[in-house]
Structure formats: structure tokens, C-alpha cells
């Protein structure tokens, strides 16, 4: 069994790391999944995103502390392997790899949906295939190109969200034009209150919020290829709260203020639908291009993440050895290729089940993320327990409010687990995740543990 740590090219700059952290968490969950979340919870969806946002920020701080104080470890799954146990590392590695494969499938599915805005009859699966092939090429060329593509795509969606918030807020505050007559922040509480479906509605959308923030932990993967992780990583992680308040809570609050939440369609992008509803069809086309670039950006992160995680696992003997090999540019080419081939399943699903694939995949990713976040905080607990008092005092980028911060994350994970177990729409994917964890655990017990 090989245990050599894979070495990657350190060519990502601080701006790349910051924008990868933004881009990984702003994709189909916000631009497509939020429509269904608004329909389920009404304005209380803002509280759901804030709750999930706090949990992901605290989890990211724990991961940041692990990453900066154990710099030789290439991926967060390796922290889990070392600090929680080989069984946990094996299950976490394959589960995180599957998460990003599924995220890639969700994003190329969303790309197919958004292209229908301009070409309603264009086959969804062809868009999915074209998107995946293009991103595979970008990831094969080099890490620097990946970073530049991600930087450009994220810049587009950040600028668009900021403009949408500013424009929507101006419409609400000054009420200009015909569209401004119905625009009011009172729309957030005047139609059934903040909780039109009670606490049940709020809890029901927590898995959607969880899915939306999946990708924030990608900073722990990109650190291995950053020129200056001690500078870039804290900046990226500390910006999580601002991004959540601005991009999720802020943008959705403005959308529901511009038009009553009850009129937002569940199966479309609320960003595009609202602009169409107020008569800005041209702007709707521009925003549709932005949300298309957003999901391509998130899928780009998925191709990147799956390759690095699979390579790190292979180096530890938890995946076939050939997947650990890098090419002359220090790219995990074999792992990237294998992961992209796995995402091709999504093309087939878009051909066979174009209407159902996104919702099912989104729910399954949320269930798998529960395990991922739990393993991060358990690894962090173990790391802290092994330190002497003077070592704890010398920690770089120490976690805020430890150990309460980790217990807050665990409480959130427990709440979402209960919701998914009892919510009829989420129950099938919850049981699918349980079967997955059981199956991977059984494989470890029967085949991997015996080799150690």
C-alpha cells in the first residue's frame, strides 16, 4: 500500500482561492433550488439559509485550523483518516468524491434547464454533455487555467447578484415604474407572515440550504495548490458569513420584496422569473446567462475536487493505485478522467429523466454532506485533544468559540438528519444515503481493513 502524499503544483493565487470558495457555494442551489425552497417555506427560507450558513462557517473555521496547522495533509479526508480512524477516512473519501460527482450531475442538469430559456426544444442531455466535456478539458490543461476559469465565472455571478440586489432594493425603496407599485419589504410578512407554513416549512427546506452551501469546504482541498495558503485560506473562510448574508439572504429577501413570494414558480430560477414578471425580459436573458455561468462554475469546482480527493485516496491505498499518478504538470490526470467518466451518468439521467434528476440529486447530496461536516468537526475535536497547552496557544487561525462552535455544527447536523428521516419528500434519498454508508463501510471491513 502506498502512503506517499500526492504533490500538486502550487499555482493558485489568493484571488483564485477566495473566488473558488465563493464559486463552490454559489450554484444551482441558489439559482434553481431556491425557487422550490421559497414555495415550501415562504419568507422563513431566509432563516433556514442563515442557520445553515452559521453551521457551514463554523465548520469551515474548524477545517481551516486543521489545514493550516497540518499543511502536509492534501485533503480534508486525509485529516479524517489520521484523526478519526481509517474506517472514517475511507467512508469520508468515497462519500465526498460521490458528493462532487452528484454536484457535477446537478449542475450540468441545471445548465440544460437554463439553456431552454433560449432554446426550449434543445435536448437537455446535449447541453449536459457539452458542459462536462468543456470543463474536463479546462481541468486537464492545468491548475492555473482552472483557477482563471473559476475566477472569471465567479466574477460574473457576483457582479450580477450585487446589481440585482441594488436594483431590486431601489425598486422597493423608490417604487419607480409600474413594477414598483407592488414592490415592498412588507411582502416578506404580509402574506401569511414570516412563517406561512409554520416551523415545519422552515425545517423542510434545511436540506436545500445545506445543499446550497456544499462546496465551501473546497477551500480545504485547494489549499494544497495555493501559493500562499496562510494568507489566502483565512481570507476565504472569514468571508463566508458576508457571502451568505449578501448572496443568499440578501438576494432572496430582495426577490421576495420585489414580488410576493407566492407568485414565484417552484421549478424555475426565481432570479429569472422575477425579472420576467416585472417586465424586464431583456434583463431576464442576461440573468439567465449569469445563472448558467454560475452552475458551470460550480461544476468546474466539482471536476477539480473529485480529481484531488480520488488522488489522495489512491495514495493512501483506498482507491486503485493508478489514480494517484500525476502527469508532468503535477495534475492528477487519471483521477480527473475517472471522475469525469462517473459524471457521464448524469448525461444519461438527463436523457431518461430530465424533469426529476435535479431534485433527487440535490436531496442525496444534502444527506451525504451531513456525514462530511460531522467528520470535519470530529477530526477537529481529535486534533485539539492531542495538543499540549502550549501548542494550543500557538495555533494558526484558531477556531472561534471552541468547543461550542463544533457542538453547534453537530446540533444542526442532528436537526437536519431528523428532518430528512421524517420528511416524506426527503426520506427516499435519506435511506439511499444510509445504504451507501453501510455498503462502503462493509467494503472497508471485508477488503480494506484486512490489508492493513
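In full-length UniProt numbering, the protein residues as written are 1 to 452.
Glycine is no exception: its CB is placed at the ideal position from the N, C-alpha and C atoms.
Predicted, not measured: the structure shown is a model, and the values here were computed from it.
Could you check what DSSP says for residue 285 in three-state terms: helix, strand or coil? The sequence position of residue 285 within the chain shown is 285, counting from 1. Residue 285: helix per DSSP, three-state reduction.
According to the Cβ coordinates, are residue 53 and residue 195 closer than 9 angstroms? Working through the chain shown from its first residue, we reach residue 53 at position 53. Working through the chain shown from its first residue, we reach residue 195 at position 195. Taking 9 angstroms as the Cβ cut-off, residue 53 and residue 195 do not qualify as a contacting pair.
Limits of the alpha helix (DSSP H) - the one that residue 124 falls within: On the chain shown, residue 124 is found 124 positions in, with the first residue counted as 1. Per DSSP, residue 124 belongs to the alpha helix (DSSP H) from 124-141.
Residue span of the alpha helix (DSSP H) that contains residue 183, given as start and end: Mapped onto the chain shown, residue 183 falls at position 183. Per DSSP, residue 183 lies in no alpha helix (DSSP H) segment and is marked neither H nor E.
Please confirm if the stretch 240-258 is in contact with the stretch 401-408, defined as three or more CB-CB distances below 8 angstroms between the two stretches. Judged by Cβ distances under 8 angstroms, the stretch 240-258 makes no contact with the stretch 401-408, as fewer than three pairs qualify.
Run of the alpha helix (DSSP H) containing residue 413, from where it starts to where it stops: As a first step, residue 413 must be located in the chain shown, where it is residue number 413. Its alpha helix (DSSP H) spans residues 404-422.
Start-to-end residues for the alpha helix (DSSP H) that takes in residue 81: As a first step, residue 81 must be located in the chain shown, where it is residue number 81. It spans 76-83 - the alpha helix (DSSP H) in which residue 81 sits, taken as one unbroken run.
Give the DSSP-derived three-state secondary structure of residue 5 in the structure shown. For the purposes of this step, residue 5 is taken as the residue at position 5 of the chain shown. Confidence in residue 5 is poor, its pLDDT being 48 and thus under 50, which makes the residue's placement too unreliable to answer from.
What separation, rounded to the nearest whole angstrom, lies between the Cα atoms of residue 31 and residue 449? One-based indexing of the chain shown puts residue 31 at position 31. One-based indexing of the chain shown puts residue 449 at position 449. Whole-angstrom Cα-Cα distance: 42 angstroms.
Quick check on the burial criterion: 16 or more other C-beta atoms within 10 angstroms. Buried or exposed for residue 96? By 1-based counting over the chain shown, the position of residue 96 is 96. Buried, by the Cβ-count rule.
So, do the stretch 114-129 and the stretch 372-384 have three or more beta carbon pairs nearer to each other than 8 angstroms? The stretch 114-129 vs the stretch 372-384: no contact.
Grouping DSSP H, G and I as helix and E and B as strand, with all else coil, what is residue 328? As a working note, residue 328 is residue 328 in the chain shown. Coil.
Can you name, in chain order, every residue of its own chain whose Cβ lies under 6 angstroms from the Cβ of residue 73, other than the five neighbours on each side? For this step, residue 73 is matched to residue 73 along the chain shown. Within the same chain, residue 73 has close Cβ partners 79.
Closest by C-alpha distance to residue 40, when choosing among 123, 197, 46 and 51: The residue you call residue 40 lines up with position 40 of the chain shown. That would be 197, whose Cα lies nearest to the Cα of residue 40.
To the nearest angstrom, how far is the alpha carbon of residue 388 from that of residue 63? Locating residue 388 in the chain shown gives position 388, where the first residue counts as 1. Locating residue 63 in the chain shown gives position 63, where the first residue counts as 1. Cα to Cα, residue 388 sits roughly 20 angstroms from residue 63.
Cβ distance (whole Å) where residue 368 is taken to contact residue 99 below 8 angstroms: The residue labelled residue 368 in the question sits at position 368 within the chain shown. The residue labelled residue 99 in the question sits at position 99 within the chain shown. Contact holds; Cβ gap of about 5 angstroms.
Measure the alpha-carbon distance for residue 273 versus residue 159 and round it to whole angstroms. The residue labelled residue 273 in the question sits at position 273 within the chain shown. The residue labelled residue 159 in the question sits at position 159 within the chain shown. Looking at the two C-alpha atoms, the distance is approximately 19 angstroms.
Residues of its chain near residue 293, where Cβ-Cβ distance is below 7 angstroms and the 5 sequence neighbours each way are ignored: Counting from one through the chain shown, the residue named residue 293 turns up at place 293. Here the set comprises 153, 156 and 157.
Going by beta carbon distance, what residues of the same chain come within less than 6 angstroms of residue 94, once the five residues before and after it are set aside? Taking the first residue of the chain shown as 1, we reach residue 94 at position 94. Counting only Cβ-Cβ distances below 6 angstroms, and skipping sequence neighbours, we find 440.
Cβ-Cβ separation, residue 298 to residue 107 (assumed contact under 8 angstroms), whole Å: Sequence index remark: in the chain shown, residue 107 carries index 107 (1-based). Sequence index remark: in the chain shown, residue 298 carries index 298 (1-based). Contact flag correct, Cβ pair sits at about 5 angstroms.
Grouping DSSP H, G and I as helix and E and B as strand, with all else coil, what is residue 440? Numbered from 1 along the chain shown, position 440 holds the residue referred to as residue 440. Note: residue 440 maps to helix in three-state DSSP.
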